[in-house]
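Following: one structure in structure tokens, then a few remarks.
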Amino acid sequence: MNRETRKEKGNFTIPHGRALGALMPVLGYVIFETTTGNLMSITFARMLINLAFYYLIYGLVYLVVNRFRAAMMGTTLVLYILAAVDYYVLQFKGSPLLLPQDLTAWRTAAAVVSNYHITLSRPVVLGAVLLLLVLFLLWHTDVEKMNLKKRGIFAGSYAVLAAAWLIAFYQYDVKLPLADIDDDIFWWSLEGSYQDFGYATSTAILIKSMVFEKPEGYSVEAATEAGEEAVFESTPVSETTPENLIVIMNESLSDMRVIRDFTTNEEFFPFISSLEENTIKSHLYVQVFGGGTSNTEYETLTGHSITFLPYVISAYQAYCKPAEYGMATTLKAQGYTTVAMHPNSSANWNRKTVYEDMGFDEFISQSHYGDVEKLRNYVSDKGNYDRLISRYEEKTPGEKLFIFNVTMQNHGGYEESFPEFQEEIEATGDVAGYPQANRYLSLMKKSDEAFEYLIDYFSQVEEPTMIVMFGDHQASVETEFYEKLYGKSMKELTPEEADKQYVTPLIIWTNYEMEKPELDRISSNYLGAEILNLANLELTDYDRLLLEAREGIPVFGKNGYYLADGTYVPWSKNVEKPELMRRYQILEYNAVADRNNRVDRLFTLTP
Numbered sequence: 001m002n003r004e005t006r007k008e009k010g011n012f013t014i015p016h017g018r019a020l021g022a023l024m025p026v027l028g029y030v031i032f033e034t035t036t037g038n039l040m041s042i043t044f045a046r047m048l049i050n051l052a053f054y055y056l057i058y059g060l061v062y063l064v065v066n067r068f069r070a071a072m073m074g075t076t077l078v079l080y081i082l083a084a085v086d087y088y089v090l091q092f093k094g095s096p097l098l099l100p101q102d103l104t105a106w107r108t109a110a111a112v113v114s115n116y117h118i119t120l121s122r123p124v125v126l127g128a129v130l131l132l133l134v135l136f137l138l139w140h141t142d143v144e145k146m147n148l149k150k151r152g153i154f155a156g157s158y159a160v161l162a163a164a165w166l167i168a169f170y171q172y173d174v175k176l177p178l179a180d181i182d183d184d185i186f187w188w189s190l191e192g193s194y195q196d197f198g199y200a201t202s203t204a205i206l207i208k209s210m211v212f213e214k215p216e217g218y219s220v221e222a223a224t225e226a227g228e229e230a231v232f233e234s235t236p237v238s239e240t241t242p243e244n245l246i247v248i249m250n251e252s253l254s255d256m257r258v259i260r261d262f263t264t265n266e267e268f269f270p271f272i273s274s275l276e277e278n279t280i281k282s283h284l285y286v287q288v289f290g291g292g293t294s295n296t297e298y299e300t301l302t303g304h305s306i307t308f309l310p311y312v313i314s315a316y317q318a319y320c321k322p323a324e325y326g327m328a329t330t331l332k333a334q335g336y337t338t339v340a341m342h343p344n345s346s347a348n349w350n351r352k353t354v355y356e357d358m359g360f361d362e363f364i365s366q367s368h369y370g371d372v373e374k375l376r377n378y379v380s381d382k383g384n385y386d387r388l389i390s391r392y393e394e395k396t397p398g399e400k401l402f403i404f405n406v407t408m409q410n411h412g413g414y415e416e417s418f419p420e421f422q423e424e425i426e427a428t429g430d431v432a433g434y435p436q437a438n439r440y441l442s443l444m445k446k447s448d449e450a451f452e453y454l455i456d457y458f459s460q461v462e463e464p465t466m467i468v469m470f471g472d473h474q475a476s477v478e479t480e481f482y483e484k485l486y487g488k489s490m491k492e493l494t495p496e497e498a499d500k501q502y503v504t505p506l507i508i509w510t511n512y513e514m515e516k517p518e519l520d521r522i523s524s525n526y527l528g529a530e531i532l533n534l535a536n537l538e539l540t541d542y543d544r545l546l547l548e549a550r551e552g553i554p555v556f557g558k559n560g561y562y563l564a565d566g567t568y569v570p571w572s573k574n575v576e577k578p579e580l581m582r583r584y585q586i587l588e589y590n591a592v593a594d595r596n597n598r599v600d601r602l603f604t605l606t607p
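For the sequence shown, full-length UniProt numbering assigns the number 1 to the initial residue and increments by one for each residue that follows.
This is the structure:
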């Protein structure tokens, strides 16, 4: 086909086609941010930074495909789909679609998507209209394929420009002066950051934080010293060691009154509120909100803090390897049968592989639950506890049992009502009128009832038993509900105020005499070691370091940390970190990032 024939292929001349091609990154940006609903909140200077990344994306696809229409249409369509997914992820999870982390969790998302009610929204529809208009123009436009010489020139020019921009952006932190972009914008307001700075720029900075940086002063010798010098004197709360240790991570269990007290038509935690005898209650600080369950799980079972890991990585999928030391291996070394339970797919968060790596003897997943009670298409807490009790009753005489149970009942998807679920709880007063919040609070009442059922059962058991229950994160209900509680926009929160959205209940109960230690608040990275300590069990050197660190730094929050005197320090504040934190980070790096040189004896009781 000659040049003249090519000119007649579309309704536009080749120069017009190239002009449209030059504009496609701009049009792609407009379609994307229109679909997310953020187009008008991004300033002109910040838009220019985003556009630089769009030009890189479109240019790369065109270079590889070398077919104008296919490259432009395909890239624009993919961007629209990505924007629509981001919009709905934000609605359901309370945070934007994080790349690449959320893509690695697609199996988990597929297992729960049926409980979410998806409706077409104005931004998504408007974005679709713009997409169709652009696709129509592209369909009637074409540009001849580049010959080898032109393609080589284009490739060379692209490589130089792309390298220059990425080096300037990542190595030298070059930003437009008017853009006012700071790398710290993300750590306590992801939603607001993506709205104000744009998806491409926000994602680019998050990718920068994926690098696992070696702590200052790290060496294998420094890690060994940090573990061996750990000083922690345990004060037993009981002379009894439980034969049954049951740890329940309850999906989305939380009490939003930690933000600000509010009224309801009736109490949604009547049983938990009434528990006093042989009971410890505390506030548990976690690193996730509205999702990311496995990160709370990872911190609890390993003692490793997500704070020290690259920001957008799911630890279960990136860092769990065979011989992953933690609670399971420590209890196994002391004669316990270790059982993990979760009434959903074993593929969720790669649990089947992870639990094997952690040393669990058994994993009872959804396919092994049988016919148990369900609520909103999920196994209810009561149905879950029925299976837990069944596993307990299967144990042999004298067998010591550790069960780590992850519930499912309260999982997100609060937009839709279910005929079989009677919603008993309604928020009243100034927080009335939020259907998702009411539905969620009604689920909390069901969790409370199921926990009472479980405690009633084990209160009749003669074997010493400790039951621990905590929430993995707060629920993503209406943003307006949270803003009512705070009395301000989410964008206006201080880091310490924002951290209140990362607090869940912690309840520790025994069927034997137990004193109540001072445990007003704790973070999930310390929880596993603290449970072992309260249960009168032997600790590893790493456990002792964790408990020593907790005495000086009792909470690792999402946006900052608390010192022993109650002082809150934002992570973004440029101050020297405590020595205990430095030692902790060095030892964690040895366990997670430098596995070939891991000092195993610091993390395990097994020689």
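Glycine residues also receive a C-beta, built at the ideal position from the N, C-alpha and C atoms. If you're wondering where the values come from, they're calculated on a predicted model, not measured in any experiment.
Restricting to Cα atoms, I'd like to know which of Tyr54, Leu563, Val65, Gln585 is closest to Phe212. The residue from Tyr54, Leu563, Val65, Gln585 with its alpha-carbon nearest to that of Phe212 is Gln585.
What number of angstroms, rounded off, separates the C-alpha of Asp520 from the C-alpha of Ile272? Looking at the two C-alpha atoms, the distance is approximately 16 Å.
Would you say Leu485 and Arg260 are within 8 Å of each other, going by their C-beta atoms? The Cβ-Cβ distance between Leu485 and Arg260 falls below 8 Å.
Can Tyr80 and Asn50 be called in contact, C-beta distance under 8 Å? For the 8 Å CB-CB criterion, Tyr80 and Asn50 do not form a contact.
Any chance you could list the beta strand (DSSP E) runs of at least 3 consecutive residues sitting entirely within the region 260-347, in chain order? Within the region 260-347, complete beta strand (DSSP E) segments of at least 3 residues are found at 279-285, 336-341, given in chain order.
With respect to 7 Å, is the separation between the Cβ of Gly192 and the closest non-hydrogen atom of the ligand GTP below this value? This structure does not include the ligand GTP; it has no bound ligands of any sort.
Would you check if the distance between the CB atom of Glu483 and the CB atom of Gln436 is smaller than 8 Å? Their beta carbons are not under 8 Å apart, which means Glu483 does not touch Gln436 by this criterion.
With DSSP as the reference, label Met256 as helix, strand or coil. In this structure, Met256 counts as helix in the three-state DSSP scheme.
List in chain order: all unbroken alpha helix (DSSP H) runs of 4+ residues lying wholly within the region 204-229. For the region 204-229, whole alpha helix (DSSP H) runs of length 4 or above, ordered along the chain, are 220-228.
Does the beta carbon of Phe32 sit closer than 8 Å to a beta carbon anywhere in chain C? Looking for chain C here will not work: only one protein chain is present.
Indicate whether Ala529 and Leu245 have their beta-carbon atoms separated by less than 8 Å. No, the Cβ-Cβ distance between Ala529 and Leu245 is not below 8 Å.
Would DSSP call Val160 helix, strand or coil? Val160 carries a helical assignment under DSSP once its states are collapsed to helix, strand and coil.
By DSSP, does Val379 sit in helix, in strand, or in coil? It is a strand residue.
According to the Cβ coordinates, are Asp541 and Leu580 closer than 8 Å? In this structure, Leu580 does not lie closer than 8 Å to Asp541 by Cβ.
Between Leu178 and the rest of its own chain, which residues show a CB-CB distance below 6 Å, the 5 nearest in sequence each way excluded? At Leu178, the pLDDT of 49 sits below 50, so the modelled position is not reliable; the number obtained from the coordinates is stated separately. The answer, listed in chain order, is Ala45.
Let me confirm a value: His368 is counted as buried when at least 16 other C-beta atoms fall within 10 Å, else exposed. Which label applies? Around the CB of His368, fewer than 16 other CB atoms lie within 10 Å, so the residue is classed as exposed.
Please determine, among Tyr378, Leu401, Gly433, Phe402, the residue with the shortest C-alpha to C-alpha distance to Gly413. Closest option to Gly413, Cα to Cα, is Tyr378.
Burial state of Ile403, where buried means 16 or more other Cβ atoms lie within 10 Å: Buried.
Just how far apart, CA to CA, sit Leu39 and Tyr194? Taking the straight line joining both Cα atoms gives about 11 Å.
What three-state label does DSSP hand Arg151 in the structure shown? In the three-state scheme derived from DSSP, where H, G and I count as helix and E and B as strand, Arg151 is classed as helix.
Relative to the alpha-carbon of Trp139, which residue among Met72, Leu120, Gly560 has its alpha-carbon at the smallest distance? Of the listed residues, the one whose Cα sits closest to Trp139 is Met72.
Euclidean distance between Cα positions of Ser219 and Gly227: Taking the Cα positions, Ser219 is about 13 Å away from Gly227.
Would DSSP call Ile389 helix, strand or coil? Of the three classes helix, strand and coil, the one that applies to Ile389 here is helix, per DSSP.
When you compare the CB positions of Leu275 and Thr504, do they come within less than 8 Å of one another, or not? No, these two residues do not count as a Cβ contact at 8 Å.
In its own chain, which residues sit with a C-beta less than 8 Å from the C-beta of Glu324, not counting the 5 before and 5 after it? The residues are Thr302, Val354, Asp357, Met358, Gly359.
By alpha-carbon positions, which one of Thr337, Gln334, Leu135, Phe53 ends up nearest to Ala204? Measuring from the Cα of Ala204, the nearest candidate turns out to be Phe53.
Report the residue ranges of all beta strand (DSSP E) runs contained in full by the region 482-513; include only those spanning at least 3 residues, in chain order. As summarised for the region 482-513, the continuous beta strand (DSSP E) elements at least 3 residues long and confined to that stretch are 503-510, given in chain order.
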